[in-house]
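What follows is a set of notes on a single structure, which appears directly below.
Numbering (the working numbering), first residue to last: 6 to 397.
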């Protein structure tokens, strides 16, 4: 289907529908002489078939035809969203007022009577091609404006969320660090070194916490700016191992049990981003899992071309209302025991959507949760392909 109507100085695809051979030939030569690309059919059925093959820029439609007249053809076209916007100019040998009324009522934009006058036919055709071209330009501009508005709204929401993170999530550990330093300053000369270690550990934990928040903010910002990444077959075993190495302290502190498959199917993607997905999914499964977290990782072939990777936890599960908010930036469902920053799942969604795939969560209160993401399966072709990514 065409994305735009041709300009008045370019060849337009014009469908002529008339059961009279002489009229067909005359209109064909008129339009071809003006540089257009006319097509000819002799009845309504052929006209409906022709528009399914290629949607024309404009239709010249005879009223009086056997089997299906022009009014019926027009109503069929106007009832189909794919063809309802095609300008239709009716043609007839009879200049009857009722026919003109019926023509406009059926959805026609104009009416030409036989015998044809070259200048009149060309003037009306060019006028309606111009109108349609301008309509398409306005529609395209509106779509682009709506998209831009949506992008700006998203940016504003993220900026507001960033403000909250800086004001609240970063302020809390920073306040703890400042307080710890103040206490150390007061007790430094009177407290044995062993007793001071606890304060240093508190300061270190909160410094790491601040660093994690800042890194996640930078990841989100980088995802927004990224234009192209190199897609290649992924060694998922190595990627998951790297993710688990980054979470070794959390796994140890929570005494989490992590189960991984012996083999992984080969998907294609961008390794550094997929590692971030696993880090966020696994860390959430540990933080929000059971008293002793039991986390299972796996993969399922959804089809020959798509793989679903998943993380299952033994946590309390998530209500349907909360599931709707899960992948929104800065959402936290619980402050109990887990210091969630509200950024992780937003990063996951942003990464996977950048790669043209989707994230999902399956959960029922009391039965744990399964978080998943999809990637294309490797077809065995070339190893590296730079691709433009979705700008979301």
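Every residue gets a Cβ at the ideal spot worked out from N, C-alpha and C, and that includes glycine.
Alpha-carbon spacing of residue i relative to residue j, whole angstroms
| i | j | result |
| --- | --- | --- |
| residue 66 | residue 142 | 25 Å |
| residue 135 | residue 92 | 11 Å |
| residue 358 | residue 364 | 8 Å |
| residue 311 | residue 218 | 32 Å |
| residue 338 | residue 327 | Summary for residue 338: the model assigns pLDDT 40, below 50, so the residue's position carries little reliability; its value from the coordinates is reported in the next sentence. So the two alpha carbons sit approximately 7 Å from each other. |
| residue 2 | residue 31 | There is no way to answer for residue 2, as the model of the chain reaches only from 6 to 397. |
| residue 332 | residue 285 | 12 Å |
| residue 214 | residue 148 | 42 Å |
| residue 48 | residue 33 | 16 Å |
| residue 379 | residue 272 | 9 Å |
| residue 200 | residue 256 | 27 Å |
| residue 2 | residue 154 | Since the first residue shown for the chain is 6 and the last is 397, residue 2 is missing from the structure and cannot be characterised. |
| residue 410 | residue 128 | The structure shown has nothing for residue 410, since the chain only spans 6 to 397. |
| residue 244 | residue 354 | 18 Å |
| residue 207 | residue 254 | 15 Å |
| residue 258 | residue 87 | 59 Å |
| residue 385 | residue 220 | 35 Å |
| residue 375 | residue 366 | 6 Å |
| residue 179 | residue 212 | 8 Å |
| residue 115 | residue 58 | 24 Å |
| residue 292 | residue 252 | 11 Å |
| residue 138 | residue 146 | 12 Å |
| residue 189 | residue 290 | 36 Å |
| residue 274 | residue 161 | 29 Å |
| residue 306 | residue 294 | 26 Å |
| residue 296 | residue 182 | 28 Å |
| residue 150 | residue 175 | 35 Å |
| residue 196 | residue 298 | 38 Å |
Reduced DSSP secondary structure (H/G/I, E/B, other) of residue i
| i | result |
| --- | --- |
| residue 381 | strand |
| residue 278 | helix |
| residue 25 | coil |
| residue 18 | strand |
| residue 283 | helix |
| residue 12 | Its pLDDT being 41, under 50, residue 12 is placed unreliably by the model, and the measurement read from it follows with that caveat. It is coil, neither helix nor strand. |
| residue 305 | strand |
| residue 396 | Note that residue 396 scores 44 on pLDDT, short of 50, meaning its location in the model is unreliable; the coordinates nonetheless yield the value given after this. Of the three classes helix, strand and coil, the one that applies to residue 396 here is coil, per DSSP. |
| residue 66 | strand |
| residue 196 | coil |
| residue 126 | helix |
| residue 178 | helix |
| residue 95 | strand |
| residue 324 | coil |
| residue 45 | strand |
| residue 85 | coil |
| residue 339 | Only weak support is given to the placement of residue 339: the predicted model assigns it a pLDDT of 40, under 50, and the value that follows is read from those uncertain coordinates. Residue 339 falls in the coil class under three-state DSSP. |
| residue 118 | strand |
| residue 311 | strand |
| residue 357 | helix |
| residue 376 | strand |
| residue 362 | coil |
| residue 317 | strand |
Closest Cα partner of residue i within the set the options
| i | options | result |
| --- | --- | --- |
| residue 117 | 124, 94, 375 | 94 |
| residue 90 | 79, 99, 97, 361 | 79 |
| residue 203 | 194, 81, 185 | 185 |
| residue 268 | 298, 295, 206, 314 | 314 |
| residue 240 | 252, 270, 55, 223 | 270 |
| residue 233 | 360, 377, 59, 38 | 360 |
| residue 96 | 349, 85, 120, 81 | 120 |
| residue 349 | 205, 381, 223 | 223 |
| residue 76 | 105, 175, 138 | 105 |
| residue 382 | 295, 101, 236, 287 | 236 |
| residue 28 | 82, 122, 216 | 122 |
| residue 125 | 35, 113, 81 | 35 |
| residue 140 | 62, 84, 175 | 62 |
| residue 330 | 107, 351, 197 | 351 |
Query raised in the report: Taking contact to mean at least 3 C-beta pairs separated by less than 8 Å, is the region 308 to 323 in contact with the region 359 to 371?
Result: yes
**Report entry** Runs of beta strand (DSSP E) wholly within the region 215 to 275 (minimum 3 residues, chain order)
**Finding:** 233 to 238, 262 to 264
Requested in this report: Say whether the region 14 to 21 touches the region 34 to 47, bearing in mind that this needs 3 or more beta-carbon pairs closer than 8 Å, one atom from each stretch.
Outcome: yes
Requested in this report: Take every Cβ of the region 259 to 266, pair it with every Cβ of the region 299 to 308, and state whether three or more of those distances are shorter than 8 Å.
Outcome: yes
Requested in this report: State whether the region 18 to 34 contacts the region 58 to 73, with contact taken as three or more CB pairs (one from each stretch) at a distance under 8 Å.
Outcome: For the pair of segments examined, the region 18 to 34 was found to touch the region 58 to 73: the number of CB pairs separated by less than 8 Å reaches three.
Requested in this report: Decide yes or no for the touch test of the region 274 to 287 against the region 247 to 255: beta carbon pairs closer than 8 Å, at least 3 of them.
Outcome: yes
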